[in-house]
Amino acid sequence: WERTYRDETAGLGPAFRSLASARAAAPERWRVPALGSEAEDPTLDASMSSPSTRTARARRPAGELRDAGRLAMARWDWPESRELLAAALEVEETPETLESLAIASFWSRDVARAVEQRQRAYKLYLERGDRRGAARVAIGVALDYEHYLGETAVANGWKERAAHLLEEIEPCAEHAWLLLWKAHHAL
Numbered sequence: 018w019e020r021t022y023r024d025e026t027a028g029l030g031p032a033f034r035s036l037a038s039a040r041a042a043a044p045e046r047w048r049v050p051a052l053g054s055e056a057e058d059p060t061l062d063a064s065m066s067s068p069s070t071r072t073a074r075a076r077r078p079a080g081e082l083r084d085a086g087r088l089a090m091a092r093w094d095w096p097e098s099r100e101l102l103a104a105a106l107e108v109e110e111t112p113e114t115l116e117s118l119a120i121a122s123f124w125s126r127d128v129a130r131a132v133e134q135r136q137r138a139y140k141l142y143l144e145r146g147d148r149r150g151a152a153r154v155a156i157g158v159a160l161d162y163e164h165y166l167g168e169t170a171v172a173n174g175w176k177e178r179a180a181h182l183l184e185e186i187e188p189c190a191e192h193a194w195l196l197l198w199k200a201h202h203a204l
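Quick note on our numbering: the sequence shown kicks off at 18 and runs consecutively.
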């Protein structure tokens with residue numbers, strides 16, 4: 018799988034090649050716990066911030082922390098965005114915050130953590146009855162499994178979940194994304 022991945026990404030630039038190298042160098046960071054497992058809370062590495070910083074940030078409203086985390090994402094400041102979004106989750110766990118944190122984790126080269134966070138967001142979207150949000154996150158999980166973890170069967174299951182969730186929803190961006198990735202993977 019890694020040889021094929023390396024061959025496919027050879028012309029895509031150093032970011033993709035470094036992701037493949039990171040996966041090979043630290044396979045334990047790429048292992049994904051099962052949905053609902055009792056794994057330790059992977060939201061934030063202990064080394065990412067001091068306890069006093071986390072405490073001070075946790076006193077701010079969750080929405081303010083989430084917005085600050087998203088602004089840090091816009092600056093591509095992944096460590097700062099992860100720290101702020103994790104602090105927002107300590108105040109209030111929402112699927113939107115988990116989804117944003119998963120993006121920051123992904124771009125911090127922590128795909129296993131990103132998948133776990135997306136799975137939690139998926140569950141929260143379903144509990145809320147937000148089929149579109151759950152489908153969007155399911156598509157993201159499918160892509161992570163397909164492209165970065167090399168587990169096609171698991172990815173296909175997540176794509177089917179997304180398709181099922183979108184069956185009764187008017188055409189939207191998630192329909193287009195799902196069709197795009199299904200076509201891409203069929204090639």
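Using N, Cα and C, we set each Cβ at its ideal position, and we do this for glycine too. Keep in mind that this is a model prediction, so the values were computed, not measured.
Asked: Where Pro96 sits in the DSSP three-state scheme; Found: helix
Asked: From Arg135, Trp93, Ala159 and Leu102, residue whose alpha carbon lies closest to that of Arg178; Found: Ala159
Asked: Burial state of Ser175 (16 or more Cβ within 10 Å); Found: In the sequence on display, residue 175 carries Trp and not Ser. Buried, since its Cβ has 16 or more Cβ neighbours within 10 Å.
Asked: Which of helix, strand or coil DSSP assigns to Gly53; Found: In this prediction, Gly53 has a pLDDT of 43, which is less than 50 and means its spatial position is unreliable; nothing more can be read from the coordinates.
Asked: Inter-residue Cα distance where the pair is Arg76 and Gln136; Found: 27 Å
Asked: Inter-residue Cα distance where the pair is Gln278 and Leu183; Found: Residue 278 falls outside the range modelled here, since the chain spans only 18 to 204, and no answer is possible.
Asked: Cutoff 6 Å; reference Tyr165; Cβ partners in own chain excluding five residues on either side; Found: Val128
Asked: Proximity winner among Gly146, Leu143 and Tyr139, relative to Val154 (alpha-carbon distances); Found: Tyr139
Asked: For Ser125, the first and last residue of its enclosing alpha helix (DSSP H); Found: Note, Ser125: premise wrong, no alpha helix (DSSP H); not H, not E.
Asked: DSSP state of Asp84 mapped onto helix, strand, coil; Found: helix
Asked: Residues near Glu163 by beta carbon distance below 7 Å, same chain, minus five either side; Found: Thr169, Ala172 and His202
Asked: Nearest to Leu106 (by Cα), restricted to the options Ala79, Leu204, Leu196 and Arg87; Found: Ala79
Asked: Local conformation of Glu25 per DSSP, three classes; Found: For Glu25, the pLDDT reaches just 44, beneath the cut-off of 50, and the residue's location in the model is therefore unreliable, although a value from the coordinates is still provided. Glu25: helix per DSSP, three-state reduction.
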